[in-house]
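Mapped onto this note's numbering, the consecutive letters of the sequence shown carry residue numbers 3 to 242. The C-beta atom is built at its ideal place from N, Cα and C for all residues, glycine as well.
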Amino acid sequence: MSSADFDTLLSATQATLARIATEFTPAVFASSLAAEDMVLTDLILRNKLAIGIFSLETGRLHAETLGMLARIKETYGSEITLFKPETAAVENYVAANGLNAFYDSVEMRKECCRIRKIEPLNRALAGNKAWVTGQRRAQSTTRTELNVQEDDAAHDMQKFNPLADWSEEDVWHYIRSNNVPYNPLHDKGYPSIGCEPCTRAIQPGEDVRAGRWWWENPESKECGLHVVDGKLIRIKSATN
Ligand code: SF4
């Protein structure tokens, strides 16, 4: 991409974020603290946009990912709001199934994601008009129909994916050009970062999400945050 093309892409993304901050308040950004989400964090915090930022602290994140919270505080002077799973639900799951039962079946994995991610996500989204994600269309076979703005019927709000049109190269160009802090795991072969036991490094040429839930089929890899009732849903676009 030429620098003029990148500037056009960036301007469109900035316009989308500004529109969210003015027309869809209250709005929140769900950050996984990975590279794409640091681009959005930088754009939101440097421009002081009225979009809250939260992360899901599942209790199973890498130390490097948790370390990003302090780096964000140092760089921007802002705290990321953390949403954690219900203690009793985690304890019941672990007591009944074991700490790492998500390796045993897709159902066990989805139940762990439901407790540690989906229920806290629903709490984080409650009362907002819109939410923002760092998803990109090119990220995997499950994201090929991603749009910048979507009607999230499950949460009864708008969902924005401002980086839907960005390539991985665009993300890193922005990070390096703007000295944006990023998770050191990205330099160790982790393009996509989730919970520590469910994420591994990948080899050059592998799909960027091949390191997530690698023991399952590609079609069932989404964590449930963009899934309804355990099924991938076709979310209706509000713009095209
Ligand atoms: S990614 Fe793994 S550890 Fe994290 S909530 Fe899902 S199944 Fe549990």
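Discussion item. So, at 7 Å on beta carbons, what are the nonlocal neighbours of Arg-202 in its own chain, with the 5 sequence-adjacent residues on each side left out?
Written reply: Annotation for Arg-202: Gly-213, Trp-216 place their beta carbon closer than 7 Å to its own, counting only its chain and skipping 5 residues before and after.
Item to complete: Per DSSP, which residues does Ser-57 bridge with? Please list them.
Response: DSSP, once it has assigned bridges, lists Leu-84 as partnering Ser-57.
Fill in: Ser-194 and Arg-211 closer than 7 Å at C-beta
yes
Worksheet item: Hey, is Thr-60 close to the ligand SF4, as in C-beta under 6 Å from one of its heavy atoms?
Response: yes
Worksheet item: CA-CA distance, Lys-112 and Ala-103?
Response: 10 Å
Worksheet item: Thinking C-alpha only, which one of Cys-115, Glu-208, Glu-25 is nearest Met-243?
Response: Since the first and last residues shown for the chain are 3 and 242, residue 243 lies out of range.
Worksheet item: Among Glu-76, Tyr-192, Glu-198, Gly-196, which residue has its Cα nearest to the Cα of Ile-204?
Response: Tyr-192
Fill in: Where the beta strand (DSSP E) containing Lys-75 begins and where it ends
Run containing Lys-75: none in the beta strand (DSSP E); it sits in the alpha helix (DSSP H), 65-78.
Practice prompt. Grab me the residues of Glu-198's own chain with a C-beta within less than 7 Å of its C-beta, minus the 5 sequence neighbours each way, in chain order.
Written response: Arg-62, Leu-63, His-64
Worksheet entry | Three-way DSSP call (helix, strand, coil) for Ile-237 in this model | Any reading at Ile-237 must be qualified, since the residue scores a pLDDT of 39, below 50, and its modelled position is unreliable; no value is offered.
Worksheet entry | Ala-329 versus Ile-82: straight-line alpha-carbon distance, rounded | Shown here, the chain extends from 3 to 242; a query on residue 329 therefore has no answer.
Worksheet entry | Whole-angstrom distance between Ala-166 and Ala-6, CA atom to CA atom | 19 Å
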